[in-house]
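Trainee: Sequence order for the protein chains is U and C.
For the first sequence, my numbering begins at 1 and goes up steadily by one.
For the second sequence, my numbering begins at 1 and goes up steadily by one.
Note that CB positions come from ideal geometry on N, CA and C, so glycine has one too.
Predicted model only: the values in this text are computed from it and were never measured.
One structure is given below, represented as structure tokens, and several questions about it will come after.
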Amino acid sequence: MIYQFEISRTKHGDRTSRLQRIRWETADESATVASALTGMNADPDLRDENGEAVGHIFWECSCLQKKCGACAMRINGVPRLACDTPLSSLGKKPIRLEPLKKFPVIADLMTDRQIMFDNLREMKIWLDRECSQTEDRDGVAFEASRCLQCGCCLEVCPNFLPGGSFTGTAACVPASRIIAEMESPAQTELGCLYRKRIYEGCGKSLSCRNICPAGIDIDKLLVHSNATAVWNKSVHSPGKMLH
Amino acid sequence: MDTINIIGAGLAGLSAAVTLAENGVSSRLISSQPSERSQSVLAEGGINAALDLMGEQDSPALHFEDTMKGGVYLADPEAVRNLTENAPRIVRKLAALGVPFQTENGQMIQRYFGGQKKRRTAYAKTGTGKMLMTALTDYARKFEADGLIHRLHHHDFVKADIRDGILRGVYVRDRYTEETALHSGPAIACAGGLNGFFPGRTTGTTQNTGHVQAVLFSQGVRMANLEFIQYHPTTFGISGKRCLVSEAARGEGGRLCVLRGGEKWYFMEELYPELGNLMPRDVVSREMYRVVRRPDCGDQVFLDMTALDPSVWRTKLSDLREECMHYLRIDPASALLPVEPGIHYFMGGIDVDARHRTSLPGLYAAGECACQYHGANRLGGNSMLGAVFGGETAARDLLDGGFDGGCLSLSTGCLSPTSVSLSTGCLSPISAEKLSSFLCSALGILRTEEGIRQSLEGVGEMLRDEALTEDFRARLLLGEAMLRSASARRESRGAHTREDYPERDDRAFRKTTLAECRDGSVTISFRDLP
Ligand SMILES: Cc1cc2nc3c(=O)[nH]c(=O)nc-3n(C[C@H](O)[C@H](O)[C@H](O)COP(=O)(O)OP(=O)(O)OC[C@H]3O[C@@H](n4cnc5c(N)ncnc54)[C@H](O)[C@@H]3O)c2cc1C
Ligand code: SF4
Ligand code: SF4
Ligand code: FES
């Protein structure tokens with residue numbers, strides 16, 4: 001199969017980008033955008049449609065099985081994981097690959113998502129004392145622990161701006177794990193930050209709901225966190241002690 | 001105390017960093033990508049500890065015995081003793097950090113895993129690694145805010161600064177700015193397995209290139225047991241890699257079969273009545289390799305999970321089922337799953353003692369990049385444990401004034417980060433593929449002297465290329481060391497099966513294989529177990 005790509009190219013330290021059109025062929029029917037990028041980078045003689053050498057295309061990957069969030073990028077305008085996007089699902093038109101737009105571009109498809117990690121730190125997302133719950137009653141801790149920090153939800157969120165106070169779903173999900181494991185989160189610093197930097201900033205436009213590549217049940221987490229950290233309600237009785 | 005350089009932010013690196021921070025010592029947590037993207041997040045089935053929650057009279061002594069036996073008595077007994085005795089404490093600590101381990105009626109439960117007769121594996125569905133990583137990353141974040149852990153994500157290790165036979169610091173390159181800096185102080189290598197030597201052929205991540213091990217080896221750091229490469233019995237190919245079907249599938253009742261005369265033959269159960277499908281991985285992979293080559297059997301092994309209770313699918317294996325449906329479009333609850341052995345884990349690596357010190361004063365190693373705990377074959381669930389405990393042990397040794405204080409007392413504060421120009425570490429995929437094909441053809445499930453010799457010739461040829469970069473030469477030398485280790489071990493043990501030496505030879509080879517590189521040439525020797 002032959003695929004046409006339009007790939008956004010930016011050099012290290014450069015502000016401008018350009019789209020490069022590249023033709024790429026594969027016999028692998030299950031090839032993904034990640035396999036295409038790996039394949040292109042493995043071909044030192046690859047040329048674009050103007051005959052210009054393509055050179056190394058910068059992008060990030062790690063697990064290649066949608067479990068690490070490294071490869072998030074805009075594929076035909078939609079933020080997705082390159083390793084979880086089969087080429088065969090993308091139709092006949094040229095496949096456009098661009099870096100996520102909410103984050104500074106380092107080179108080509110590689111962006112600096114440091115703001116996400118800074119937000120988690122500023123939000124003080126950690127347990128302050130030993131967790132006393134053994135039972136993850138409604139699976140909240142499991143679900144909230146699954147976040148990849150990929151940034152897709154922030155990319156589509158109309159209210160998230162880097163440098164702004166609102167930290168979006170990417171902070172809300174991990175915060176929910178800690179909130180679920182606290183006894184009365186509303187009174188804590190995290191509870192306060194949750195109200196200010198998540199609850200009050202969310203416009204409930206729901207754009208983030210179907211974009212999460214990990215399929216995290218964001219509504220379930222929100223219901224829990226809002227109930228305890230905003231409305232000061234108990235959603236479940238404390239679990240039994242471990243030992 | 002100096003700031004400690006930790007290379008790698010998976011389970012081992014995080015564990016080292018938080019142990020230092022708990023004791024007020026600061027560290028640089030250097031990694032190519034953030035913790036969220038490390039291979040540790042992929043770990044599925046669970047972590048072992050003799051907590052004895054299932055009323056089976058389990059004990060650390062039994063965990064020790066199983067680990068030694070599973071590793072065919074090649075692991076360092078003192079180190080394994082420490083590991084298994086500390087395991088219950090470690091899993092309790094992880095629970096206290098909020099890891100949502102599986103429970104039943106409010107109590108934590110454990111599952112069966114390969115090579116162990118007791119239910120000893122604590123787990124969270126088949127996402128245990130991700131759960132552990134989230135809890136530890138959150139815990140580390142508190143110390144980041146306190147200024148005790150300095151994260152340098154998007155930084156690659158370049159090489160060690162070694163002077164007068166002591167590690168004085170590490171050169172590190174920022175992927176974003178492409179600048180290289182020297183950070184002084186001792187280091188703990190926690191850089192994961194040698195996946196990069198087998199691109200596209202392992203269950204692990206592309207990030208673990210093996211660059212750290214290769215460069216350190218070429219700089220004179222000793223390696224051990226490089227010939228022991230684990231083939232996990234149940235994997236399937238997806239675009240660009242092997243995808244794992246966790247051993248938990250068999251721990252929860254999955255059975256391996258092959259078609260013989262049109263009937264399903266559960267060969268493992270017939271050949272090994274006691275542990276059956278849950279024999280250690282080396283044994284299962286070898287039997288799978290053999291059974292598909294029998295004239296009376298089909299050429300595909302299947303995992304049969306069709307008889308599992310629906311509640312098991314719902315509560316314990318839901319994510320595994322989703323993965324099979326997603327990639328193979330097969331529902332394992334109702335159909336057989338085709339599986340093959342695939343490269344999964346590297347038992348060998350940087351040579352360390354029970355305190356995780358390497359042959360280079362000032363350098364420690366922990367996690368999958370070190371040779372510790374697993375001998376000739378690793379038991380499932382022991383590597384996350386080994387990574388957490390190894391990182392902690394290395395940190396403790398530094399805290400206790402390791403290397404007789406020699407390294408720590410060397411104040412190298414004057415060596416502030418400086419910009420230096422060093423080779424970029426960019427690897428030509430074509431050469432990497434060529435090296436990989438030589439390694440794969442010689443270091444499969446069954447090995448022969450002839451196969452190893454041919455590959456050694458191929459690698460030798462590549463080494464004669466004058467235009468080699470320093471980095472690639474280091475890779476080739478480590479590749480050569482893997483092959484030479486396999487050639488020198490003229491016996492069959494654990495993951496190393498020689499067709500020409502099918503017997504185990506304890507007298508000659510119940511020893512650690514050592515590989516060293518001096519002036520560009522590789523030597524292999526054997527050391528008695530401690
Ligand atoms: C699919 C799968 C399932 C598994 N399931 C289990 C299980 O159920 N139970 C179990 O016990 N084990 C399991 N394992 C094994 C286990 O996950 C790993 O052995 C363990 O997590 C290794 O941890 P680590 O800290 O040593 O390395 P990793 O988590 O691999 O971390 C390595 C770190 O080193 C960094 N790094 C690498 N190279 C460089 C460089 N050049 N410069 C800077 N940084 C670098 C990386 O960025 C990363 O942060 C599984 C493995 C896989 C692949
Ligand atoms: S609901 Fe809308 S505003 Fe709120 S986090 Fe999601 S996308 Fe952003
Ligand atoms: S919530 Fe989902 S989309 Fe957002 S960062 Fe986490 S994994 Fe990515
Ligand atoms: S490479 Fe890990 S999510 Fe794509």
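For the alpha helix (DSSP H) containing U/Val173, list its first residue and its last residue.
Mentor: Element bounds for U/Val173: Thr169 to Ala180.
Trainee: For the beta strand (DSSP E) containing C/Gln454, list its first residue and its last residue.
Mentor: Careful: C/Gln454 lies outside any beta strand (DSSP E), inside the alpha helix (DSSP H) at Glu449 to Leu463.
Trainee: Is C/Leu256 helix, strand or coil when you go by DSSP?
Mentor: Three-state result, C/Leu256: strand.
Trainee: How would you call U/His56, buried or exposed, if buried means at least 16 neighbouring beta carbons within 10 angstroms?
Mentor: Looking at its Cβ environment, which holds fewer than 16 other Cβ atoms inside 10 Å, U/His56 is exposed.
Trainee: Would a check of beta-carbon distances place C/Ala96 closer than 8 Å to chain U?
Mentor: Answer yes: the Cβ-Cβ gap between C/Ala96 and chain U drops below 8 Å somewhere.
Trainee: Taking the alpha carbon of C/Arg357 as the reference point, which residue from C/Met268, C/Thr448, C/Arg119 and C/Ala224 has its own alpha carbon closest?
Mentor: Selected option, being the one with the closest Cα: C/Ala224.
Trainee: Sorry if obvious, but does the Cβ on C/Ala135 come closer than 7 Å to a heavy atom of ligand 1?
Mentor: Result no, Cβ not under 7 Å from ligand 1.
Trainee: For chain C, find out if any of its Cβ atoms is closer than 8 Å to the Cβ of U/Glu183; answer yes or no.
Mentor: Closer than 8 Å: no.
Trainee: Does DSSP classify C/Asp161 as helix, strand or coil?
Mentor: If DSSP states are grouped into helix, strand and coil, C/Asp161 belongs with the strands.
Trainee: Could you check whether the Cβ of C/Ile47 sits closer than 7 Å to any heavy atom belonging to ligand 1?
Mentor: C/Ile47: yes, Cβ under 7 Å from ligand 1.
Trainee: Using three-state DSSP, classify C/Tyr345 as helix, strand or coil.
Mentor: In the structure shown, C/Tyr345 sits in a strand (DSSP, three-state: E or B).
Trainee: What span of residues does the beta strand (DSSP E) with C/Pro60 cover, start to end?
Mentor: Looking at the DSSP string, C/Pro60 is not in any beta strand (DSSP E); the run it does join, the alpha helix (DSSP H), is Pro60 to Gly70.
Trainee: Which whole-angstrom value describes the C-beta separation of C/Asp304 and C/Cys257, a residue pair presumed to lie in contact below a C-beta threshold of 8 Å?
Mentor: Contact flag correct, Cβ pair sits at about 5 Å.
Trainee: Taking the alpha-carbon positions, what's the U/His251 to U/Glu143 distance?
Mentor: The question about residue 251 of chain U has no answer here: the residues shown for chain U are numbered 1 through 243.
Trainee: According to the neighbour-count rule (16 or more other Cβ atoms, all chains shown, within 10 Å of its Cβ), is C/Asp2 buried or exposed?
Mentor: Looking at its Cβ environment, which holds 16 or more other Cβ atoms inside 10 Å, C/Asp2 is buried.
Trainee: Helix, strand or coil for U/Pro185, going by three-state DSSP, please let me know.
Mentor: Three-state DSSP puts U/Pro185 in a helix.
Trainee: Have a look at C/Leu468, C/Asp397, C/Val352 and C/Ala467 and flag the residue whose alpha-carbon is nearest the alpha-carbon of C/Asp76.
Mentor: Nearest of C/Leu468, C/Asp397, C/Val352 and C/Ala467 to C/Asp76, Cα basis: C/Val352.
Trainee: Within 10 angstroms of its Cβ, does U/Gln187 collect 16 or more other Cβ (buried), or is it exposed?
Mentor: So U/Gln187 ends up on the exposed side.
Trainee: Taking only beta-carbon atoms, is C/Gly425 less than 8 Å away from chain U?
Mentor: Annotation note: pLDDT 46 at C/Gly425 (below 50); position unreliable, coordinate value reported separately. No - not a single Cβ of chain U is within 8 Å of the one on C/Gly425.
Trainee: Relative to chain U, which residues along the stretch 26 to 51 of chain C have a C-beta separation below 8 Å, given in chain order?
Mentor: So the close ones are Gln33, Pro34, Glu36, Arg37, Ser38, Gln39, Val41 and Leu42.
Trainee: C/Gln110 CB to nearest chain U CB: under 8 Å?
Mentor: Chain U, which has no Cβ nearer than 8 Å to the Cβ of C/Gln110, makes this no.
Trainee: Over what stretch of residues does the beta strand (DSSP E) that includes C/Tyr171 continue unbroken?
Mentor: Looking at the DSSP string, the run of the beta strand (DSSP E) that includes C/Tyr171 is Ile166 to Asp174.
Trainee: What residues of chain U sit near C/Tyr139, judged by a beta carbon separation below 8 Å?
Mentor: Ordered by position in chain U, the residues that pass the 8 Å Cβ test against C/Tyr139 are Trp126 and Leu127.
Trainee: Hey, which unbroken runs of the alpha helix (DSSP H) at 4 residues or more fall wholly within the stretch 89 to 153 of chain C?
Mentor: The stretch 89 to 153 of chain C contains these whole alpha helix (DSSP H) runs: 128 to 145.
Trainee: Do you know whose CA, among C/Lys93, C/Ile4, C/Ala135 and C/Met108, lies nearest C/Gly10's CA?
Mentor: It is C/Ala135.
Trainee: May I have the straight-line CA-CA distance separating C/Arg141 from U/Lys124, to the nearest angstrom?
Mentor: Those two C-alpha atoms are separated by around 8 Å.
Trainee: So does the stretch 385 to 401 of chain C actually touch the stretch 206 to 225 of chain C, counting three or more Cβ pairs closer than 8 Å?
Mentor: No, they do not touch.
Trainee: Could you pull the start and end residues of the beta strand (DSSP E) that C/Lys264 belongs to?
Mentor: Glu263 to Trp265 is the extent of the beta strand (DSSP E) around C/Lys264.
Trainee: List the whole-angstrom C-beta distance separating C/Gln110 from C/Thr103, where the pair is believed to meet the contact cut-off of C-beta under 8 Å.
Mentor: With 8 Å as the limit, C/Gln110 and C/Thr103 do not qualify as a contact, their Cβ atoms being about 11 Å apart.
Trainee: Tell me where the beta strand (DSSP E) around U/Glu6 begins and ends.
Mentor: Ile2 to Arg9 is the extent of the beta strand (DSSP E) around U/Glu6.
Trainee: What distance in whole Å lies between the Cβ atoms of C/Tyr272 and C/Pro341, which are believed to be in contact at a cut-off of 8 Å?
Mentor: Rounded, the Cβ-Cβ distance is 16 Å, inconsistent with contact.
Trainee: Quick check: the stretch 93 to 107 of chain U against the stretch 63 to 82 of chain U, are at least 3 beta-carbon pairs closer than 8 Å?
Mentor: Yes: the two stretches touch, three or more of their Cβ pairs being nearer than 8 Å.
Trainee: Counting Cβ pairs closer than 8 Å, one from the stretch 248 to 257 of chain C and one from the stretch 86 to 99 of chain C, do we hit at least three?
Mentor: Because the criterion of three Cβ pairs below 8 Å is not met, the stretch 248 to 257 of chain C and the stretch 86 to 99 of chain C do not touch.
Trainee: Enumerate in chain order the residues of its own chain whose CB-to-CB distance from C/Gly413 is below 6 Å, with the five nearest sequence positions on each side excluded.
Mentor: The predicted model places C/Gly413 with a pLDDT of 35, which falls under 50 and marks its position as unreliable, so this point remains unresolved.
Trainee: Applying the 10 Å Cβ sphere with the 16-neighbour rule, what's the burial state of C/Glu274?
Mentor: Classification of C/Glu274: exposed, given that the 10 Å Cβ count is below 16.
Trainee: Might you give, ordered along the chain, the residues of its own chain that have their beta carbon closer than 7 Å to the beta carbon of C/Lys511, omitting 5 neighbours on each side?
Mentor: Only Phe526, Arg527, Asp528 and Leu529 meet the Cβ criterion.
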